[in-house]
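To get the working numbering, take the position in the sequence shown, counting from 1, and add 51. Ideal placement from N, C-alpha and C gives every residue a C-beta, glycine not left out. For reference, the structure discussed in these notes is given below.
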Amino acid sequence: MNLYRLFESRFEGRLEDTFLETIDGDRLTYADLADGVGRHARVLVDGGVGLGDRVLVQAEKSVAGLFLYLACLRVGAVFIPLNTSYRRDEVRYFLDDAEPSLVVCDPSSPLCSEDAADVERTVLTLDVAGGGSLSARARAAPPTGVDIAEVPGDHTAAILYTSGTTGQPKGAMLTHDNLASNAKALHEAWGFIDDDVLLHALPIFHTHGLFVALHCVLLNATGMLFLPRFDLDSVLRLLPRATVMMGVPTYYTRLLASPEFTAELCGHMRLFVSGSAPLRAETFEQFQRRTGHAILERYGMTETGMNTSNPLAGPRIAGTVGRPLPGVEVRVCESDGTPLAAGAVGELEVRGPNVFKGYWRKPDKTRAEFRDDGFFRTGDLGLIDENGYVTIVGRSKDMIISGGFNVYPKEIENAIDRLPGVRESAVFGVAHPDFGEGVAAAVVLEDGGGDAGHARALIARLKDRLAGYKVPKRIVFVAELPRNAMGKVEKNRLRETFADLFSVTEEQGG
Ligand code: AMP
Numbered sequence: 052m053n054l055y056r057l058f059e060s061r062f063e064g065r066l067e068d069t070f071l072e073t074i075d076g077d078r079l080t081y082a083d084l085a086d087g088v089g090r091h092a093r094v095l096v097d098g099g100v101g102l103g104d105r106v107l108v109q110a111e112k113s114v115a116g117l118f119l120y121l122a123c124l125r126v127g128a129v130f131i132p133l134n135t136s137y138r139r140d141e142v143r144y145f146l147d148d149a150e151p152s153l154v155v156c157d158p159s160s161p162l163c164s165e166d167a168a169d170v171e172r173t174v175l176t177l178d179v180a181g182g183g184s185l186s187a188r189a190r191a192a193p194p195t196g197v198d199i200a201e202v203p204g205d206h207t208a209a210i211l212y213t214s215g216t217t218g219q220p221k222g223a224m225l226t227h228d229n230l231a232s233n234a235k236a237l238h239e240a241w242g243f244i245d246d247d248v249l250l251h252a253l254p255i256f257h258t259h260g261l262f263v264a265l266h267c268v269l270l271n272a273t274g275m276l277f278l279p280r281f282d283l284d285s286v287l288r289l290l291p292r293a294t295v296m297m298g299v300p301t302y303y304t305r306l307l308a309s310p311e312f313t314a315e316l317c318g319h320m321r322l323f324v325s326g327s328a329p330l331r332a333e334t335f336e337q338f339q340r341r342t343g344h345a346i347l348e349r350y351g352m353t354e355t356g357m358n359t360s361n362p363l364a365g366p367r368i369a370g371t372v373g374r375p376l377p378g379v380e381v382r383v384c385e386s387d388g389t390p391l392a393a394g395a396v397g398e399l400e401v402r403g404p405n406v407f408k409g410y411w412r413k414p415d416k417t418r419a420e421f422r423d424d425g426f427f428r429t430g431d432l433g434l435i436d437e438n439g440y441v442t443i444v445g446r447s448k449d450m451i452i453s454g455g456f457n458v459y460p461k462e463i464e465n466a467i468d469r470l471p472g473v474r475e476s477a478v479f480g481v482a483h484p485d486f487g488e489g490v491a492a493a494v495v496l497e498d499g500g501g502d503a504g505h506a507r508a509l510i511a512r513l514k515d516r517l518a519g520y521k522v523p524k525r526i527v528f529v530a531e532l533p534r535n536a537m538g539k540v541e542k543n544r545l546r547e548t549f550a551d552l553f554s555v556t557e558e559q560g561g
């Protein structure tokens, strides 16, 4: 079934209900949504976009961007949202790889430049206020007349390029069935109810904001408060009117850093969900103390949508990402695919209706990531305890092999974060003349700063708590950890910045 038809079946009886409210207080009903999607679908069809054609989008978050996404579903086109921070060369790659028949971009996007418009394709603009040539055309178009395309369930609905910290980004093809099954599983697991109002502060070029948050709202046919971005003042102002918030961990740490964030503000809240990056146990606990709410942490990725979730009813365990969602299988394996027993650390593999159909035009890469029995190799390292809860300990490519021993950065980060005066840390591997790789840590202190004496003191304390080979041989102090738009620490940047750490200076310890 076309995913848009599924959404329509949920909201067609509630056309006068609120779909969305903007930060300026503009209210759109589900009738407005149907109207907007209908007009955008007409723009697509008139622009020659049909079944399977790609629509590449690099634009700031806007309501028109949502209409465009849903219109693509409606006509069976393939929606390809790009991170707004991609620069000219990166964008050129996506253009060549995706071969879109329509490009929609912010007037400041490199996609709007001459070379993007050189081949036979239409370029329309969509600015931060929702204006531009796309909206002008949509306003002039009739709201009805384009049928919902009949598509098989395995028809590609969207291609999302993986953040790709190494190598070329790969386009993950998500089908209508992938998205529908995951949306239904989440809507059910998180117990959406009739009066829910979702606070939407996430970007809509990523699976979290575009699929997880939006699809839950659409399946529930209730409203959302639609913010252009996470902005502390707006979130504090709007929280009392929301019942559900979805965010990356940094949203929650920023809220906690504000004295204005109180239990009273959350009086109306039903659920806080976190994902896309690890939520520190300390943040979970601090949040619970301040608000009485246990943040519900879940785990997913571009290629699979959501895989696991802590329960709505039942213990939400800090530091874990909960159990597999209904219909999703998760196992822990050695790198050769041999399944491991409960409690053992290995590679997480996932199978289910949520798992993507493959990488766009990269059959070899696709084959390499799937086992013969259909399990997808996530590249995450983790374990499953005897109660079925999954804990993630890092990415396999972030695993450090020092002197032949495997070191899982998360374990070391947890130990460092517990030391007094430490705000947060990131542990990474750097080439080392003796050990192959040496363990290094970038640390942010509560009060900033930090010198060699501090580093030695921290290392001395870690030696009491960790086996020698796990103790960082060097600690560097940074004002903040490098993070991408989804709050993930960019370890590749740390590895690059500190590539010579063990070739130039003496070790501090370990
Ligand atoms: P992306 O494809 O950009 O959504 O990134 C997916 C990756 O983010 C996963 O493979 C994990 O490494 C990481 N991730 C997502 N959710 C969590 C979580 N709750 N805890 C730890 N890592 C997470």
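Checklist entry - Thinking C-beta only, is D468 closer than 8 Å to S476? => result Cβ distance < 8 Å, so S476 and D468 count as in contact.
Item to check | ligand 1 heavy atom lying under 7 Å from the CB of A328 | outcome: Checking the Cβ of A328 against ligand 1 gives yes.
Item to check | E72 to H266 span [Cα, whole Å] | outcome: Taking the straight line from one Cα to the other gives about 16 Å.
Next on the checklist: To the nearest angstrom, how far is the alpha carbon of S447 from that of D431?
Outcome noted: Between S447 and D431, the C-alpha separation is close to 6 Å.
Checklist entry - Quick one: does the C-beta of T213 sit closer than 7 Å to a heavy atom of ligand 1? => result Distances taken from the Cβ of T213 to the heavy atoms of ligand 1 include one shorter than 7 Å.
Next on the checklist: For ligand 1, is there any heavy atom lying closer than 7 Å to the beta carbon of D97?
Outcome noted: Because no heavy atom of ligand 1 lies under 7 Å away, the Cβ of D97 does not count as near it: no.
Checklist entry - Nearest-angstrom Cα distance between E111 and F256? => result The alpha-carbon atoms of E111 and F256 are separated by roughly 9 Å.
Next on the checklist: In the DSSP assignment, the alpha helix (DSSP H) including S285 goes from what residue to what residue?
Outcome noted: Residues L283 to L289.
Checklist entry - Helix or strand or just coil, what does DSSP make of F427? => result F427 falls in the strand class under three-state DSSP.
Next on the checklist: At a threshold of 7 Å, does K539 count as lining ligand 1 (C-beta to nearest heavy atom)?
Outcome noted: Indeed, a heavy atom of ligand 1 lies less than 7 Å from the Cβ.
Checklist entry - What is the DSSP secondary structure of V155, counted as helix, strand or coil? => result Strand at V155.
Checklist entry - Residues bridged to P132 by DSSP? => result According to DSSP, P132 shares a beta bridge with V108.
Item to check | Segment contact flag, the region 389-397 with the region 410-429, C-beta cutoff 8 Å, min 3 pairs | outcome: With a cut-off of 8 Å, the region 410-429 and the region 389-397 do not count as touching, because too few Cβ pairs lie within range.
Checklist entry - How many whole angstroms separate the CB atoms of V299 and S325, which I take to be in contact at a CB cut-off of 8 Å? => result Indeed they touch by this definition, with Cβ atoms about 7 Å apart.
Checklist entry - What do you reckon, are the CB atoms on G116 and L177 nearer than 8 Å? => result Yes, the Cβ-Cβ distance between G116 and L177 is below 8 Å.
Checklist entry - For N457, which option in T355, E488, G370 and Y55 has the closest C-alpha, if you only look at C-alpha atoms? => result Comparing Cα-Cα distances from N457 to each of T355, E488, G370 and Y55, the minimum goes to E488.
Checklist entry - Comparing the CB of Y137 with every heavy atom of ligand 1, is any distance shorter than 7 Å? => result It does not: the Cβ of Y137 is nowhere closer than 7 Å to a heavy atom of ligand 1.
Checklist entry - Relative to ligand 1, is the shortest distance from any of its heavy atoms to the C-beta of R446 smaller than 7 Å? => result Answer for R446: yes, Cβ within range of ligand 1.
Checklist entry - Skipping 5 residues on each side, what residues in its chain have a beta carbon closer than 7 Å to that of C317? => result Excluding sequence neighbours, C317 sits near L290, T342 and H344.
Checklist entry - Are three or more beta carbon pairs between the region 237-245 and the region 260-278 nearer than 8 Å? => result Contact check between the region 237-245 and the region 260-278: three or more CB pairs, one atom from each, fall below 8 Å, which counts as touching.
Next on the checklist: Does the region 96-103 come into contact with the region 60-77, if we say contact requires no fewer than three beta-carbon pairs (one atom in each stretch) closer than 8 Å?
Outcome noted: Inter-segment contact for the region 96-103 and the region 60-77 is absent: fewer than three beta-carbon pairs are separated by less than 8 Å.
Checklist entry - Taking the C-alpha atoms as reference points, what is the distance between K416 and Q219? => result Straight-line measurement puts the Cα of Q219 at about 11 Å from the Cα of K416.
Next on the checklist: Let me check one thing: in DSSP terms, what residues is H251 bridge-paired to?
Outcome noted: Within the DSSP secondary-structure output, H251 pairs in a beta bridge with F277 and M297.
Next on the checklist: By the DSSP assignment, the alpha helix (DSSP H) with E59 in it spans what residues?
Outcome noted: Segment L54 to F62, the alpha helix (DSSP H) holding E59.
Next on the checklist: Under 7 Å: does the beta carbon of I443 sit that close to some heavy atom of ligand 1?
Outcome noted: Yes, Cβ of I443 sits closer than 7 Å to a heavy atom of ligand 1.
Checklist entry - Would the beta-carbon of Y212 fall within 8 Å of that of F145? => result Yes, the Cβ-Cβ distance between Y212 and F145 is below 8 Å.
Item to check | Spatial neighbours of T371 in its chain, beta-carbon cut-off 6 Å, leaving aside the 5 residues before and after | outcome: Result list for T371: Y440 and T442, in chain order.
Item to check | First through last residue of the alpha helix (DSSP H) which encompasses R139 | outcome: Following the DSSP letters along the chain, one finds R139 inside the alpha helix (DSSP H) bounded by residues R139 to A149.
Next on the checklist: At a cut-off of 7 Å, would you count M450 as near ligand 1, judging by its Cβ distance to the nearest heavy atom?
Outcome noted: Exclusion of M450 from the 7 Å shell around ligand 1 follows from its C-beta lying no nearer than that to any non-hydrogen atom of the ligand.
Checklist entry - Nearest-angstrom Cα distance between V106 and D97? => result In a straight line, the C-alpha of V106 is about 14 Å away from that of D97.
Next on the checklist: From the DSSP secondary-structure annotation, give me the bridge partner or partners of H483.
Outcome noted: Beta-bridge partners assigned by DSSP to H483: G487.
Checklist entry - Going straight from the alpha carbon of A180 to that of F130, what length do you get? => result Roughly 21 Å separates the two Cα atoms.
Checklist entry - If you draw a straight line from the alpha carbon of M297 to that of V286, how long is it in whole angstroms? => result Cα to Cα, the separation comes out at about 12 Å.
Item to check | Cutoff 7 Å; reference T304; Cβ partners in own chain excluding five residues on either side | outcome: Answer for T304: T334, listed in chain order.
Checklist entry - Tell me which same chain residues have a C-beta within less than 7 Å of the C-beta of S91, skipping the five on either side of it? => result The sequence shown places His at residue 91, rather than the Ser named in the question. If we look at H91 and ignore the five residues flanking it on each side, its Cβ neighbours are F118, L119, A122 and A189.
Checklist entry - Of all the options V406, E437 and L434, which has the alpha carbon lying nearest to the alpha carbon of R422? => result Ranked by how close their Cα comes to the Cα of R422, the residues V406, E437 and L434 have V406 in first place.
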